[in-house]
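Colleague: Structure incoming, see below.
Number of protein chains: 2
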Amino acid sequence: MHPPHSRKEAILQTATMFFSEKGYQDTSMSEIAKITGVADGTIFYHFKTKSELFLAVLKNFKEGIIRELEAFQNMAVFNTGLDMVEGTVSFYFSLADRMEDRFLLLHRHYPYKLAMKNPDCREHLEEIYTCFIDLFERAILKGQKDGSIREVHSKKQALLLFTLVDGLVRLGTYNLYKAGPLYSDLIDSCRCMLTNKQQETKPTFINPQNKRAHSL
Amino acid sequence: MHPPHSRKEAILQTATMFFSEKGYQDTSMSEIAKITGVADGTIFYHFKTKSELFLAVLKNFKEGIIRELEAFQNMAVFNTGLDMVEGTVSFYFSLADRMEDRFLLLHRHYPYKLAMKNPDCREHLEEIYTCFIDLFERAILKGQKDGSIREVHSKKQALLLFTLVDGLVRLGTYNLYKAGPLYSDLIDSCRCMLTNKQQETKPTFINPQNKRAHSL
DNA sequence: AATAAAACTGACTGTGTAGTCAGTCAGTCA
DNA sequence: TGACTGACTGACTACACAGTCAGTTTTATT
């Protein structure tokens with residue numbers, strides 16, 4: 001299933017890069033072929049159409065994400081659910097930073113448009129989102145068991161949390177505002193959303209992103 | 217300056233509709249011409265290039281938004297800053313609902329890409345964002361004066377708030393999750409982010425959006 | 001070595017599109 | 001009436017692109 005350096009794999013890599021950085025429409029198949037170093041026809045031998053290639057890219061991305069998430073879950077241990085929420089936020093930021101290019105895929109409109117017609121596409125997107133949101137929800141549920149998080153609708157709150165964090169990542173890629181300096185305020189806000197008692201701001205973990213953009 | 221029903225105006229309307237609903241790339245100039253009921257050349261008589269037409273659409277949208285914001289500010293009166301935050305959130309939702317099609321413009325990637333090369337485009341986008349964020353900030357500052365909102369960095373918190381609310385709107389247009397049912401949880405979370413004391417959930421205002429999508 | 005299957009090629013096709021331009025037409029003013 | 005102007009037209013150009021296919025090369029099998 002994984003012949004180490006097949007042409008097919010190489011095409012997939014190039015396509016991922018192009019679809020992420022330039023978007024679906026602005027990427028031509030010939031371009032992908034040229035950069036990969038194969039003939040135009042070769043792409044169509046491996047992937048019937050352009051949108052099938054896109055689906056393959058998305059699937060590949062999804063699998064990568066899932067692998068990362070599993071690694072995170074196996075590695076990270078948290079005392080409280082609240083800690084786990086913070087850890088998850090931090091993890092999402094670092095992932096978005098590390099896979100910055102590929103995250104752009106999710107922050108374009110094309111996949112969601114395709115998802116309306118193509119059930120496979122929709123399924124990939126849903127799986128990706130579900131993974132992240134479930135992770136947040138698990139943290140919330142844990143926190144509700146150990147008392148570090150107040151009574152909230154775990155699923156809904158998880159979705160809100162995810163929306164907030166992802167929105168901030170997106171803001172960074174839009175290049176209008178710097179998202180980095182908001183990190184500690186974000187963590188603080190998350191804590192407030194989830195707890196009853198008043199808390200002092202703790203020192204924060206990481207502080208990713210450093211694009212040129214508006215300062216606050 | 218405003219000859220009531222000029223062709224130019226008509227083209228602008230059609231273009232707004234198409235760029236919003238189908239995106240920049242997927243809209244052809246001939247299409248706009250055909251639907252508007254003018255010859256292909258007419259568009260290029262009024263707008264030199266496709267991207268100049270897009271800029272005009274964006275500018276028009278910006279002006280519409282600003283008008284709406286001013287109307288809101290002149291009309292709405294709030295007892296406390298916290299109320300004003302809630303009112304602003306509610307306003308943003310209803311605006312996004314009422315101008316659903318045009319908001320899609322902001323939720324595509326193209327404008328932000330164009331903004332990297334084109335300063336005019338960037339300025340329009342910045343102005344739009346600034347308007348909204350300033351509105352949130354004004355609410356926060358008011359709340360800090362009257363004691364309904366705790367000590368937070370007003371600009372940063374305003375940005376976080378906006379990100380959260382806009383992210384939720386976007387989620388609705390993506391059609392993967394229903395954003396509507398989250399409205400009361402959103403308001404609750406906002407209140408928690410901004411206040412010190414514990415509060416009971418109050419009855420909420422409106423509850424927009426009703427797309428077919430995942431339930432929670 | 002012979003054969004077959006799989007991988008690969010690149011010229012070619014058909015279509016769609018942004019932008020051009022020579023020219024039409026209705027209105028205005030002298 | 002006739003010269004002039006600005007709005008408008010639609011055929012046309014030049015090109016880019018997804019996808020095809022007949023044919024070539026590589027690899028695996030016997």
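Residue numbers (our numbering), protein chains in the order written: chain D, 1 to 216; chain F, 217 to 432. Just so you know, even glycine gets a beta-carbon here, dropped at the ideal spot from N, CA and C. Because the structure is a prediction, the values reported are computed rather than measured.
Might you give, ordered along the chain, the residues of its own chain that have their beta carbon closer than 7 Å to the beta carbon of ALA39 (chain D), omitting 5 neighbours on each side?
Modeller: Closer than 7 Å at the Cβ level, and outside the excluded window around ALA39 (chain D), lie ALA33.
Colleague: Please confirm whether HIS340 (chain F) has its beta-carbon closer than 9 Å to some beta-carbon of chain D.
Modeller: No, HIS340 (chain F) does not count as interfacial toward chain D.
Colleague: Let me check understanding here. Comparing Cα to Cα, which of D:TYR174, D:ARG7 and D:SER184 lies closest to LEU322 (chain F)?
Modeller: Minimum Cα distance to LEU322 (chain F) is reached at D:TYR174.
Colleague: If we define contact as Cβ-Cβ less than 9 Å, is MET409 (chain F) a contact residue for chain D?
Modeller: MET409 (chain F) counts as touching chain D.
Colleague: Measure from the alpha carbon of LEU271 (chain F) to the alpha carbon of each residue in F:GLY388, F:ILE282 and F:GLU339, then state which is nearest.
Modeller: Of F:GLY388, F:ILE282 and F:GLU339, the residue nearest in Cα terms is F:GLU339.
Colleague: Determine the direct distance from the alpha carbon of ARG67 (chain D) to that of ASN74 (chain D), and round the result to whole angstroms.
Modeller: So the two alpha carbons sit approximately 11 Å from each other.
Colleague: Drop a sphere of 10 angstroms on the beta-carbon of ALA355 (chain F), count the other beta-carbons inside from all chains shown, and report buried for 16 or more, exposed for fewer.
Modeller: Answer is buried; the Cβ neighbour count reaches 16.
Colleague: How far does the alpha helix (DSSP H) with HIS325 (chain F) in it reach, from first residue to last?
Modeller: First-last for HIS325 (chain F): undefined, no H or E at that position.
Colleague: Within 10 Å of its beta-carbon, does PRO119 (chain D) have 16 or more other beta-carbons around it, so buried, or fewer, so exposed?
Modeller: It counts as exposed.
Colleague: Please confirm whether MET233 (chain F) has its beta-carbon closer than 9 Å to some beta-carbon of chain D.
Modeller: For MET233 (chain F), the answer is no, since every Cβ of chain D falls outside 9 Å of its Cβ.
Colleague: Out of D:GLY41, D:CYS190 and D:LEU125, point me to the one whose CA is closest to PHE103 (chain D)'s CA.
Modeller: Ranking D:GLY41, D:CYS190 and D:LEU125 by Cα distance to PHE103 (chain D) puts D:LEU125 first.
Colleague: Do we get a CB-CB distance below 9 Å when we pair SER222 (chain F) with the residues of chain D?
Modeller: SER222 (chain F) does not count as touching chain D.
Colleague: Establish whether the CB of VAL152 (chain D) and some CB of chain F are separated by less than 9 Å.
Modeller: It does; some Cβ of chain F falls within 9 Å.
Colleague: Residues of chain D with CB closer than 7 Å to the CB of THR379 (chain F), please, in chain order.
Modeller: Result: LEU164, GLY167, LEU168 and LEU171.
Colleague: Got a sec: which bits of the segment 253-280 of chain F sit with their beta carbon under 7 Å from any beta carbon on chain D, in order along the chain?
Modeller: For the segment 253-280 of chain F, which is checked against every Cβ of chain D, not one residue is closer than 7 Å.
Colleague: Under 9 Å, do PHE288 (chain F) and PHE307 (chain F) count as touching if we go by C-beta distance?
Modeller: Closer than 9 Å, so yes.
Colleague: Just the Cα atoms here: how many angstroms apart are ASP97 (chain D) and GLY172 (chain D)?
Modeller: Approximately 10 Å, taken between the alpha carbons.
Colleague: Return the residues of the segment 129-150 of chain D that lie within a Cβ-Cβ distance of less than 7 Å from chain F, sorted by chain order.
Modeller: Going along the segment 129-150 of chain D in chain order, one finds TYR129 with a Cβ nearer than 7 Å to chain F.
Colleague: Strictly under 9 Å for the Cβ-Cβ distance: is PRO181 (chain D) near chain F by that measure?
Modeller: Output row for PRO181 (chain D): interface = yes.
Colleague: Please state if the CB of ARG191 (chain D) and the CB of GLY383 (chain F) are separated by a distance shorter than 9 Å.
Modeller: Cβ atoms of GLY383 (chain F) and ARG191 (chain D): not closer than 9 Å.
Colleague: Would you mind reading off the limits of the alpha helix (DSSP H) that contains LEU357 (chain F)?
Modeller: Its alpha helix (DSSP H) spans residues 335-362.
Colleague: Look at LEU82 (chain D) and LEU194 (chain D) and say whether their C-beta atoms are less than 9 Å apart.
Modeller: Yes, these two residues count as a Cβ contact at 9 Å.
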